[in-house]
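In terms of the numbering used here, the sequence shown has 52 at position 52, counting the first letter as 1, and numbering is strictly consecutive. Think of the CB as a built atom: it goes at the ideal place given N, C-alpha and C, for glycine as much as any other residue. Everything numeric in this text was worked out from a predicted model, so none of it was measured.
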Amino acid sequence: MAIKLKQSIKQSQSLAMTPQLRQAIQLLTLTHLEMTNVIADEMVENPLLEELEEHREEKNETDYKLEKLEGENVEAQAPDFDAKNDLKGQDDFDFDQYIENYNTHSSSLPPSMAQSSETEEGPNYENMISRGLSLGEHLEWQLRMQNLSKREWETAHLLIHNISDDGFLDIDLKEVCEKTKTPLEEGLAILKIIQTLDPVGCGSRDLAECLGVQAGLLSPRMPLVEKIIESALDLLEKRDLKAIATKFGVDTERVHKALEIIMGLNPKPGRLISQESTHYIVPDIYVRDIGGELKIEVNNEGVPPLRISKIYQNILGQKDSSSKEYVKEKLRNALWLLKSIHNRQSTIYRVAQAIVTYQPDFFRKGPAFLKPMILKDIAGEIGVHESTVSRVTSNKYMHTPLGIFELKYFFNVGIGGKNEGLDLTGESLKLKIKEIIDQENPQKPLSDQKIVDLLRTQDMVVARRTVTKYREQLHIPSSSKRKRK
């Protein structure tokens, strides 16, 4: 069978991922801080972008004019720029129109979307927080107060810097003693010293040793607590208080008191000393309850008002200029950045507005009144694709009267409800399960099926496996482990 080869011309449409389109998509996914950093970098690389001087002492009417907008905000607006058709036909943009629209400020949002100028500035917490010592440095500082020989110090130093962030020793004591040529008894004595430093219990080799060190320093000493930690932790985990009472020949009341003391000990003492850097959350949206009406404001802090430099505008007006093509390219990039910033802020505002409209009870009554909502609901409301809503809500936060929430928090699939409906969200179910368990009898804890029955009486119809799933997400043990005998 012969295969014939032939050439043909076919016309088709396809979407090309240009660098400008990639930048616009990337801006949608960036956090507020990341976006401001991108703007700052672009202002360094692109000479056509310059920040408006809003408080110029000498105002030249030929350079810019003041235009009063709605409310009390006054914006500086650059004059119209005529590139004399140099850029027309070069791409898909009407550059004259874009310069006119975006030359005043980069966000180009209507006054209802702009953040209020009356917003009070909070304290700069970066100026209040300094770098703390790591766990190893903290222990080493205390150990320097001990009168140790050179060999003892080498052993202690090696032990300290092999302690995990939770406070447990990550290296075998024998291995340390072999490296420093220290007798095992001497190495154990040094480890005991480390374990009594602050926080107490760091350097322990297991949970029993960690809790035992802390119990041994209690004042007054409590022998029953130490005995339980030493030889009955398995029974304690099962909450078998009767077996513990029988083992040590005491009544269950004393075991209850010992249990309360043990619960107050720290199973991971190393976490009390943390060198982790502080991560700040900067909300992209502010929702305020003003006179019973929910007002939405976009956070434009750190987004400078930008315009196209007049110096480079004049270069485009010159007939013979070797830098003309360079300026054209930079102008396209500048206008696309301004358009992308505007689209980002505008889309975030519309998504936030749709969320507030869809979830009014949440903002006024709390998380228990969160309704099921999916990306498709918001996408259909504002007329964009679901992927756009997904990008907009990724790593974005909303400041509300109830606190700060990630935008993704508001999206919940319905998991049950009355009349076999799906009007119950996972978040509200978690709150209800926790409330029921908090009110249960500790001696007769409720099984997951019993919780299902109680929920059904409140028109919350869910499956038992659903209750089990959300109970485990709340880190609440099963009824057998919650039981107190």
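Would you check if there are 3 or more beta carbon pairs closer than 8 Å linking the segment 258 to 265 to the segment 223 to 235?
-> As far as the Cβ criterion goes, the segment 258 to 265 touches the segment 223 to 235, which means the pair count is three or higher.
Should I3 be labelled buried (16 or more other beta-carbon atoms within 10 Å of its own) or exposed?
-> Within a 10 Å sphere around the beta-carbon of I3 sit fewer than 16 other beta-carbons, which makes this residue exposed.
Proximity winner among Q26, L241, R239 and I382, relative to L337 (alpha-carbon distances) = For L337, the closest alpha carbon among the candidates Q26, L241, R239 and I382 is that of Q26.
To the nearest whole angstrom, what separates the beta carbons of I315 and K324, a pair I think is in contact under 8 Å?
-> Indeed, because the Cβ distance is near 7 Å, the residues count as touching under 8 Å.
Burial state of K481 (16 or more Cβ within 10 Å) | The residue in question, K481, is exposed, as its Cβ has fewer than 16 Cβ neighbours within 10 Å.
Collapsed DSSP secondary structure at N395 in the structure displayed | Judged by DSSP in its simplified three-state form, N395 adopts coil rather than helix or strand.
Quick one: using the 10 Å Cβ neighbour count with 16 as the cut-off for buried, is L197 buried or exposed?
-> Under this definition L197 is a buried residue.
Have a look at I348 and S478 and give me their C-alpha separation to the nearest angstrom.
-> If you take the alpha carbons of I348 and S478, they lie about 42 Å apart.
Where does Y349 sit, in a helix, a strand or coil, going by DSSP?
-> Looking at Y349 - three-state DSSP - the assignment turns out to be helix.
Leaving aside the five residues before and after T388 along the sequence, list all residues of the same chain whose C-beta is less than 8 Å from its C-beta, in chain order.
-> Within the same chain, T388 has close Cβ partners L28, T347 and A379.
Kindly indicate which three-state DSSP category S480 falls into: helix, strand or coil?
-> Helix at S480.
To which residues does DSSP link E488 through a beta bridge?
-> Shown here, the chain extends from 1 to 485; a query on residue 488 therefore has no answer.
For V164, which residues from the same chain have a beta carbon less than 6 Å from its beta carbon, with the 5 sequence-adjacent residues on both sides left out?
-> Residue identity check: residue 164 is Ser in the sequence provided, not Val. These residues qualify, in order along the chain: D170.
Relative to the alpha-carbon of R344, which residue among I285, I451 and I437 has its alpha-carbon at the smallest distance?
-> Distance from the Cα of R344 is smallest, within the candidate group I285, I451 and I437, for I285.
7 Å Cβ cutoff, L265 in contact with chain D | Among the chains of the structure shown, chain D does not appear; only one protein chain is present.
Can you tell which of I374, K238, N46 and L21 has its C-alpha closest to the C-alpha of E329?
-> Residue N46 is the option with its Cα nearest to E329.
Count the other CB atoms, across all protein chains shown, that sit within 10 Å of the CB of M460; report buried if there are 16 or more and exposed otherwise.
-> Buried is the call here.
Quick one: Cα of E51 to Cα of L211, how far?
-> It is roughly 60 Å from the alpha-carbon of E51 to the alpha-carbon of L211.
When DSSP labels each residue in this structure, what does D198 get in the three-state scheme?
-> If DSSP states are grouped into helix, strand and coil, D198 belongs with coil.
Any idea what DSSP makes of F168, helix, strand or coil?
-> Residue state, collapsed to three classes: strand.
Contacts around P304, its chain only, beta-carbon distance under 6 Å, and the 5 residues preceding and following it disregarded = Here P304 has E51 as same chain residues with Cβ atoms under 6 Å from its own Cβ, once five neighbours each way along the sequence are excluded.
Grouping DSSP H, G and I as helix and E and B as strand, with all else coil, what is R307?
-> Secondary structure of R307 (DSSP, three-state): strand.
Which whole-angstrom value is the C-beta distance of S390 and L375, which I expect to be below 8 Å?
-> The Cβ separation is near 6 Å, so the contact holds.
Nearest-angstrom beta carbon gap, C202 and I193 [assumed within contact, 8 Å] | No, I193 and C202 are not in contact; Cβ-Cβ is about 11 Å, not under 8 Å.
For K396, does the count of other Cβ atoms within 10 angstroms reach 16, so buried, or fall short, so exposed?
-> Buried: at least 16 other Cβ atoms inside 10 Å.
Between the Cα of V298 and the Cα atoms of K434, V351 and V250, which residue gives the shortest distance?
-> Nearest to V298 by alpha-carbon distance, out of K434, V351 and V250, is V351.
Have a look at M398 and K434 and give me their C-alpha separation to the nearest angstrom.
-> In a straight line, the C-alpha of M398 is about 25 Å away from that of K434.
Buried or exposed: where does Y470 fall if 16 or more other Cβ atoms within 10 Å of its Cβ makes it buried?
-> Buried.
Bounding residues of the alpha helix (DSSP H) (the contiguous stretch that carries V176) = Unbroken alpha helix (DSSP H) run through V176: L173 to T180.
Alpha carbon to alpha carbon, how far is E237 from E186? Give it in angstroms, no decimals.
-> A straight-line Cα-Cα distance of about 34 Å links E186 and E237.
If G302 sits next to T36, beta carbons under 8 Å apart, how far is it from one beta carbon to the other, in whole angstroms?
-> Confirmed, about 4 Å.
E137 versus V200 - alpha carbon distance = The alpha-carbon separation between E137 and V200 amounts to approximately 15 Å.
Name the DSSP bridge partner or partners of L294?
-> According to DSSP, which records beta bridges pairwise, L294 is partnered with D289.
Could you tell me the boundaries of the alpha helix (DSSP H) in which E51 lies?
-> Premise fails: E51 lies in the beta strand (DSSP E), L49 to E51, not in any alpha helix (DSSP H).
Just the Cα atoms here: how many angstroms apart are V392 and R151?
-> V392 and R151 have their C-alpha atoms roughly 59 Å apart.
Please report how far the alpha carbon of F248 lies from the alpha carbon of L235, in whole angstroms.
-> Whole-angstrom Cα-Cα distance: 12 Å.
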